[in-house]
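Novice: Let me give you the structure first, and then I'll get to my questions.
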Amino acid sequence: MPPRIPGVQRLGTFSLCLRPAIKPATPSLLPKTQTASLSQKEKKRLAKQDPYRWAQMQQRKNAHLKRREEIDSVRTAQAGDPVRGLTTPFVESFDSAGQAPLSKPPVDDDGNPLEEPHELPTSPHILNNLIHKAEMDSAVENAYVLTQPLETAMTDVDPQLLQKAREEHDQQHAKAIEALQRITHLDKGSAKDRRHANIRRCVETFGRHETDLTLRPKALSRGQEREEQPVRGGLDTGSSEVQIAILTAKIRALANELEKGRGYRDKVGKRDLRLMVHRRQRLLRYMDRKERGSDRWQHMMETLGLSDATWKNQITL
Numbered sequence: 340m341p342p343r344i345p346g347v348q349r350l351g352t353f354s355l356c357l358r359p360a361i362k363p364a365t366p367s368l369l370p371k372t373q374t375a376s377l378s379q380k381e382k383k384r385l386a387k388q389d390p391y392r393w394a395q396m397q398q399r400k401n402a403h404l405k406r407r408e409e410i411d412s413v414r415t416a417q418a419g420d421p422v423r424g425l426t427t428p429f430v431e432s433f434d435s436a437g438q439a440p441l442s443k444p445p446v447d448d449d450g451n452p453l454e455e456p457h458e459l460p461t462s463p464h465i466l467n468n469l470i471h472k473a474e475m476d477s478a479v480e481n482a483y484v485l486t487q488p489l490e491t492a493m494t495d496v497d498p499q500l501l502q503k504a505r506e507e508h509d510q511q512h513a514k515a516i517e518a519l520q521r522i523t524h525l526d527k528g529s530a531k532d533r534r535h536a537n538i539r540r541c542v543e544t545f546g547r548h549e550t551d552l553t554l555r556p557k558a559l560s561r562g563q564e565r566e567e568q569p570v571r572g573g574l575d576t577g578s579s580e581v582q583i584a585i586l587t588a589k590i591r592a593l594a595n596e597l598e599k600g601r602g603y604r605d606k607v608g609k610r611d612l613r614l615m616v617h618r619r620q621r622l623l624r625y626m627d628r629k630e631r632g633s634d635r636w637q638h639m640m641e642t643l644g645l646s647d648a649t650w651k652n653q654i655t656l
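Right under this line is the structure:
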């Protein structure tokens with residue numbers, strides 16, 4: 340407690356506090372600025388006191404909000420969708436399993452196309468039922484040789500008989516080829532057949548048994564030496580980029596189905612879509628640590644249309 344000093348009698352005692360005086364705050368030399376947030380009462384008072392100034396403030400605020408919406412829309416478009424990413428020709432070709440040469444443009448209510456169709460990468464050598472076009476061509480040639488009519492004693496007597504048999508054989512062979520083409524074409528296949536075809540396309544496009552011959556590996560840091568990798572004995576189906584491409588094809592197919600009809604009520608489909616998106620995100624994060632900046636990373640991101648939204652931050656569907 341502060342000390343007490345005795346005073347004059349009959350006047351009682353008084354207390355004296357010997358604390359140091361509080362210094363006034365140093366005046367700021369910066370100009371005073373208006374606060375960004377105003378109370379409702381302050382807004383009403385300002386609008387009533389100076390309507391012209393209040394209208395200017397509202398005009399500046401609306402212009403600022405409009406500009407911020409434009410910037411946010413540009414950033415969102417550049418980041419892409421976390422599920423679909425950025426649409427590329429290779430991703431669009433997943434819908435037809437690489438069989439359609441041109442894209443399907445969106446149409447209006449009258450059925451008129453809103454834009455011109457563009458070319459898509461095709462894979463005509465991939466057929467249905469896991470058949471390669473070269474295998475079918477070889478089988479067709481062998482079947483033609485094995486089933487063609489041979490010369491006999493009767494054909495030696497009547498050469499027109501052999502000519503007629505060969506013409507019938509050519510007609511039957513042409514019908515058989517037409518039937519095989521209809522059976523093996525992916526347009527008549529199911530969604531499962533198109534999925535298998537897209538998996539084969541992803542392995543051919545992103546498999547390291549192919550990309551190791553064309554793409555440069557990641558640059559080494561100072562002091563590191565590149566180890567010799569053994570020659571791959573077959574198709575590469577386990578690399579991260581191959582798995583990411585396969586997941587991208589499955590995600591696009593499932594997302595297209597959920598947008599049709601009453602797909603919004605398919606809870607199991609939504610859960611499967613969420614699991615595949617998060618699995619692809621984990622693989623992309625692993626690829627970011629291992630291959631960021633390499634030609635393999637650039638080739639995968641540009642071909643599949645993957646953006647930062649597909650692997651950065653938290654993805655909620």
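Just so you know, we're using the working numbering here: the sequence shown kicks off at 340 and counts up by one. Glycine included, C-beta positions come from ideal geometry on N, C-alpha and C. In this text, all values refer to a predicted model and were calculated from it rather than measured experimentally.
(1) How should Leu350 be labelled, buried or exposed, when 16 other C-beta atoms within 10 angstroms of its C-beta is the threshold for buried?
(2) Taking the alpha helix (DSSP H) that Asn401 belongs to, which residues open and close that run?
(3) Taking only three categories from DSSP, how would you classify Ile654?
(4) Hey, how far is the Cα of Gln438 from the Cα of Gln653?
(5) Which partner residues of His471 appear in the DSSP bridge assignment?
(6) Should Glu580 go down as buried or exposed, given a rule of 16 or more other Cβ atoms within 10 Å for buried?
(7) Tell me which same chain residues have a C-beta within less than 8 Å of the C-beta of Leu559, skipping the five on either side of it?
(8) With H, G and I counted as helix, E and B as strand and the rest as coil, what does DSSP make of Glu455?
(9) For Ala473, I'd like the list of residues in its chain whose CB is within less than 8 Å of its CB, leaving aside the five on either flank, ordered along the chain.
(10) Name, in chain order, the residues that DSSP records as bridge partners for Leu643.
(11) Can you list, in chain order, the residues of its chain with a C-beta nearer than 8 Å to that of Gly546? Leave out the 5 residues immediately preceding and following it.
(12) Report yes if the C-beta distance between Leu586 and Arg624 is below 8 Å; otherwise report no.
(13) Out of Leu453, Thr523, His457, Leu501, which has the shortest C-alpha to C-alpha gap to Leu469?
(14) Would Val446 be called buried (16 or more neighbouring beta carbons within 10 Å of its own) or exposed?
(15) Taking 8 Å as the threshold (C-beta atoms), are Pro421 and Ala592 in contact?
(16) Within the same chain, show all residues whose beta-carbon is closer than 8 Å to that of Met626, passing over the 5 residues directly before and after it, in chain order.
(17) Using the Cα positions of Leu606 and Lys599, report the straight-line distance between them to the nearest angstrom.
(18) Per DSSP, Leu441 forms a beta bridge with which residues?
(19) If we count the other Cβ atoms within 10 Å of its Cβ and call it buried at 16 or more, is Gly572 buried or exposed?
(20) Quick one: what's got a C-beta closer than 8 Å to Pro444's C-beta in the same chain, skipping five residues either side?
(21) Which runs of the alpha helix (DSSP H) fall wholly inside the region 562-626 and span at least 4 residues, in chain order?
(22) Please report the distance separating the alpha-carbon of Glu409 from that of Asp449.
(23) Assuming Leu466 contacts Met475 (C-beta within less than 8 Å), just tell me the rounded distance between them.
(24) Under DSSP, the alpha helix (DSSP H) around Gln487 begins and ends at which residues?
(25) Contact check, Leu612 vs Leu656 under 8 Å by CB: the rounded distance?
(26) Which class does Val422 belong to by DSSP, given the choice of helix, strand or coil?
(27) If you draw a straight line from the alpha carbon of Lys609 to that of Leu552, how long is it in whole angstroms?
(28) Rounding to the nearest angstrom, what Cα-Cα distance links Tyr391 and Phe433 in this structure?
Specialist: Straight from the coordinates:
(1) If you number the sequence shown from 1, residue 350 lands on position 11. Any reading at Leu350 needs caution, since the residue's pLDDT is 49, under 50, leaving its predicted position unreliable; the model's value is listed next. Exposed is the call here.
(2) Residue numbering aside, residue 401 sits at position 62 when the sequence shown is read from its first letter. Element bounds for Asn401: 390-418.
(3) Taking the sequence shown and counting its residues from 1, the one referred to as residue 654 is at position 315. Here Ile654 sits in coil by DSSP.
(4) As a first step, residue 438 must be located in the sequence shown, where it is residue number 99. As a first step, residue 653 must be located in the sequence shown, where it is residue number 314. For Gln438 and Gln653, the distance between alpha carbons rounds to 36 Å.
(5) One-based indexing of the sequence shown puts residue 471 at position 132. Bridge partners of His471: Ile465.
(6) Here residue 580 corresponds to residue number 241 of the sequence shown, with the count starting at 1. Glu580 is buried by the Cβ-count criterion.
(7) Counting from one through the sequence shown, the residue named residue 559 turns up at place 220. Arg565.
(8) Position 116 of the sequence shown, counted from the first residue, corresponds to residue 455. Residue state, collapsed to three classes: coil.
(9) For the purposes of this step, residue 473 is identified with residue 134 of the sequence shown, where counting begins at 1. Cβ neighbours of Ala473 beyond the five flanking positions: His464.
(10) Taking the sequence shown and counting its residues from 1, one reaches residue 643 at position 304. Paired residues: none, contrary to the question.
(11) Here the question's residue 546 lines up with position 207 in the sequence shown. Counting only Cβ-Cβ distances below 8 Å, and skipping sequence neighbours, we find Leu574, Asp575, Thr576, Ser578, Val581.
(12) For the purposes of this step, residue 586 is identified with residue 247 of the sequence shown, where counting begins at 1. For the purposes of this step, residue 624 is identified with residue 285 of the sequence shown, where counting begins at 1. No.
(13) For this step, residue 469 is matched to residue 130 along the sequence shown. Selected option, being the one with the closest Cα: Thr523.
(14) To locate residue 446, count along the sequence shown from 1; it is residue 107. Exposed: under 16 other Cβ atoms inside 10 Å.
(15) Here residue 592 refers to the residue found at position 253 when the sequence shown is read from its first residue. Here residue 421 refers to the residue found at position 82 when the sequence shown is read from its first residue. Not a contact, by the Cβ cut-off of 8 Å.
(16) Residue numbering aside, residue 626 sits at position 287 when the sequence shown is read from its first letter. Contacts found: Ser579, Glu580, Ile583, Trp636, Met639.
(17) Here the question's residue 606 lines up with position 267 in the sequence shown. Here the question's residue 599 lines up with position 260 in the sequence shown. For clarity, residue 606 is Lys in the given sequence; the question names Leu instead. One C-alpha to the other measures close to 14 Å.
(18) Position 102 of the sequence shown, counted from the start, is the residue given in the question as residue 441. Answer by DSSP bridge pairing, in chain order: Glu458.
(19) Along the sequence shown, read from residue 1 onward, the residue named residue 572 stands at position 233. Exposed, by the Cβ-count rule.
(20) For the purposes of this step, residue 444 is taken as the residue at position 105 of the sequence shown. Excluding positions up to five away in sequence, the list reads Pro452, Leu453, Glu454, Glu455, Pro456.
(21) 579-597
(22) By one-based count along the sequence shown, residue 409 stands at place 70. By one-based count along the sequence shown, residue 449 stands at place 110. In a straight line, the C-alpha of Glu409 is about 31 Å away from that of Asp449.
(23) For the purposes of this step, residue 466 is taken as the residue at position 127 of the sequence shown. For the purposes of this step, residue 475 is taken as the residue at position 136 of the sequence shown. Contact flag correct, Cβ pair sits at about 6 Å.
(24) Counting from 1 along the sequence shown, the entry for residue 487 is found at position 148. Here Gln487 belongs to no alpha helix (DSSP H), and DSSP marks it neither H nor E.
(25) For the purposes of this step, residue 612 is identified with residue 273 of the sequence shown, where counting begins at 1. For the purposes of this step, residue 656 is identified with residue 317 of the sequence shown, where counting begins at 1. Leu612 to Leu656, Cβ: 7 Å. Contact.
(26) Taking the sequence shown and counting its residues from 1, the one referred to as residue 422 is at position 83. Of the three classes helix, strand and coil, the one that applies to Val422 here is coil, per DSSP.
(27) Here residue 609 refers to the residue found at position 270 when the sequence shown is read from its first residue. Here residue 552 refers to the residue found at position 213 when the sequence shown is read from its first residue. One C-alpha to the other measures close to 39 Å.
(28) Taking the first residue of the sequence shown as 1, we reach residue 391 at position 52. Taking the first residue of the sequence shown as 1, we reach residue 433 at position 94. About 59 Å.
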